[in-house]
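Residues in the sequence shown are numbered from 866 upward in steps of one, following the numbering used here.
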Amino acid sequence: MFKAEALRELAAVQTQTPILSVYLNVDPRQHTTDEYRLALRQMLKNVQKAAQPEDIEAVERFIQHEYDWSGRGVVMFSCQRENFWRTYSLAVPVSSHVMVARKPYIWPLAALVDAYGSYLVAQVDRQGVKLSLYEMGELSVTDGYVGEEVRKLKKGRGSSGIAGRRGGAPISGRHEEEISQRNIREAVRATERFCRQYGPQRLLIAGAEPTVAQFRELLPKALNEKVIGTFNIDMNAQEPEVREKSLEILEQVEREREAALVEAVFTAAAKGRGGVIRLADTLEVAHEGRIHTLVIARDYHQPGYQCRNCAYITDQYLEKCPFCGGEFAEIEDATEALVTKVIEDGGRVEVVDYHPKLAEFGIGALLRY
Ligand SMILES: [Zn+2]
């Protein structure tokens, strides 16, 4: 299982030889392992000039002979020349991507930790709560509370038999409502205790209305604010179903986060403060080391030129480098060179899968200052 601590370790890694970073989606619901192998081969081919051959070999060897194809995503970092090699199998889906830079490309992992790092599913009913803590999409701790059984009222039982004196709820119904209220209160307490102990980033409440609403009413504000969704599921549902439903909601939340990030870039660019769009402007701020978060549409590539002396990247042909007077070399992919630079400068890079506005402009960034 991938732990957030590994992210801190990776963030500190800096090498002289470029590191090959590989993210491979292996979601068995989408394609076969052979198709994923083929996709990997193609991605590695695309970086064969920038990457070290021994790193490409190491990745291929791992996928061919060691990897067990469990989970939905696999991440590999390789810099054989400097003895750096890490692999992580993930239960959550990743977007396939290959990157070459003198730092590991960790931002997709960071985004996954943000999205799926640790979340609690609280399955509630009138009798209690089942608590399941997930870390990076894997079940890690379970707990719960089961109170007194609440018998279901049979239809019509209120009108015959022991009805309330002033036409209110039948006495037995009222009693059952009291038991249920007490159970829900205890369920909330158990949830609070659990959250204090394990500190999940997010909460999902599962169950039928109105129990879910009653549970949320009693939940303290700080915990309610962590609730990112609710869904209906049978109390006896099997764990894989619970996990599946919760992951669907989290994937949606992650897509919304990405969309909001792109919107933030466009808003800042429109204001002319804190953000830019289009390759030329983005290259300029990158040269000044001002990029906080680079946002790039998947498959956006543009040829360009790079100064042989100071590594300045531009999409315009220039006779001499405006910064050092050096000569330019034509490069196949200015965006790839840009991404490498941003990573090495310590900026974030987010590759966005589908966003119509970003697809039009290809690239943009939020600035540090
Ligand atoms: Zn230069």
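Cβ atoms here follow ideal geometry from the backbone N, Cα and C, with glycine treated the same way.
Could you pull out every residue in the same chain whose Cβ sits closer than 6 Å to the Cβ of residue i, ignoring the five residues on either side in sequence?
| i | result |
| --- | --- |
| I1142 | A1134, F1226 and G1229 |
| D920 | L885, S943 and Q945 |
| R951 | F942 |
| M964 | S886 and Y970 |
| G1139 | A1133 and L1232 |
| T898 | W934 |
Could you tell me the alpha carbon to alpha carbon distance between residue i and residue j, rounded to whole angstroms?
| i | j | result |
| --- | --- | --- |
| V939 | G1212 | 23 Å |
| L1068 | V1011 | 20 Å |
| N1089 | D933 | 39 Å |
| N1097 | E1041 | 22 Å |
| L977 | Q1181 | 36 Å |
| V1127 | K1222 | 8 Å |
| F1188 | D1218 | 34 Å |
| Q895 | L905 | 15 Å |
| M1001 | K1091 | 17 Å |
| T1179 | G1169 | 6 Å |
| D1198 | P1075 | 56 Å |
| M866 | S1005 | 10 Å |
| Q837 | P883 | The first residue shown for the chain is 866 and the last is 1234, placing residue 837 beyond what the model contains. |
| I1027 | E1043 | For I1027, the predicted structure reports a pLDDT of 47, less than 50, and the residue's modelled location is therefore unreliable. The matter cannot be settled from this model. |
| F1131 | A1145 | 15 Å |
| F1080 | I1070 | 9 Å |
| S1241 | T1200 | This structure does not reach residue 1241, given that the chain is present from 866 up to 1234, and the question cannot be answered. |
| Y1037 | D1099 | Note on residue identity: the sequence assigns Ser, not Tyr, to residue 1037. Using only the alpha carbons, I get a separation of about 25 Å. |
| C1186 | L1203 | 17 Å |
| D1164 | E1003 | 30 Å |
Which same chain residues, not among the five before or five after residue i, have their C-beta less than 7 Å away from its C-beta?
| i | result |
| --- | --- |
| V1207 | A1151, I1156, L1159 and V1214 |
| V994 | A987, Q988, G1009, Y1010, A1052, A1055 and T1056 |
| S1024 | With a pLDDT of only 45 at S1024, under the threshold of 50, the placement of this residue in the model should not be trusted, and no figure is reported. |
On the premise that residue j lies in contact with residue i, defined as a C-beta separation below 8 Å, what is that separation, rounded to the nearest angstrom?
| i | j | result |
| --- | --- | --- |
| A1052 | V989 | 6 Å |
| A1162 | H1220 | 7 Å |
| L1115 | Y984 | 7 Å |
| E1113 | A980 | Going by Cβ atoms, the distance from E1113 to A980 rounds to 12 Å, so no, they are not a contact pair. |
Going by alpha carbons, who is nearest to residue i out of the options?
| i | options | result |
| --- | --- | --- |
| L1232 | K1185, R926, V965 and E1153 | E1153 |
| T1056 | K910, L1004 and L998 | L998 |
| P893 | I1093, E870 and V957 | V957 |
| A929 | G1009, R1122, P1187 and Y901 | In the sequence as displayed, the identity of residue 929 is Gln instead of Ala. Minimum Cα distance to Q929 is reached at Y901. |
| D1210 | R1138, V878, L872 and F1080 | V878 |
| P1105 | L889, G936 and A923 | G936 |
| A871 | Q913, Q1066 and G982 | G982 |
| Q992 | Y953, R1047, R967 and W972 | R1047 |
| A869 | L909, L955, A1073 and E1013 | L955 |
| Q1171 | L1148, D1164 and A975 | L1148 |
| R1173 | E1184, Y1165 and F1193 | F1193 |
| G1072 | Q1062, G1064, T1095 and R1058 | T1095 |
| C1175 | E1121, G1190, L1183 and H1166 | G1190 |
| H1166 | N890, Y888 and V912 | V912 |
Does residue i pass the burial test, meaning 16 or more other C-beta atoms within 10 Å, or should it be called exposed?
| i | result |
| --- | --- |
| T1007 | exposed |
| C1060 | buried |
| K1086 | exposed |
| S1111 | buried |
| E1109 | exposed |
| K914 | exposed |
| L996 | buried |
| L903 | exposed |
| L1183 | exposed |
| Y1234 | exposed |
| K910 | exposed |
Are the C-beta of residue i and some C-beta of chain B separated by less than 8 Å?
| i | result |
| --- | --- |
| Q929 | Given the protein chain composition of this structure (a single chain), no chain B is represented. |
* To do: Mind listing which residues have their beta carbon within less than 5 Å of any non-hydrogen atom of ligand 2? Chain order is fine.
  => Absence of ligand 2 from the depicted structure is noted, with ligand 1 being the only ligands included.
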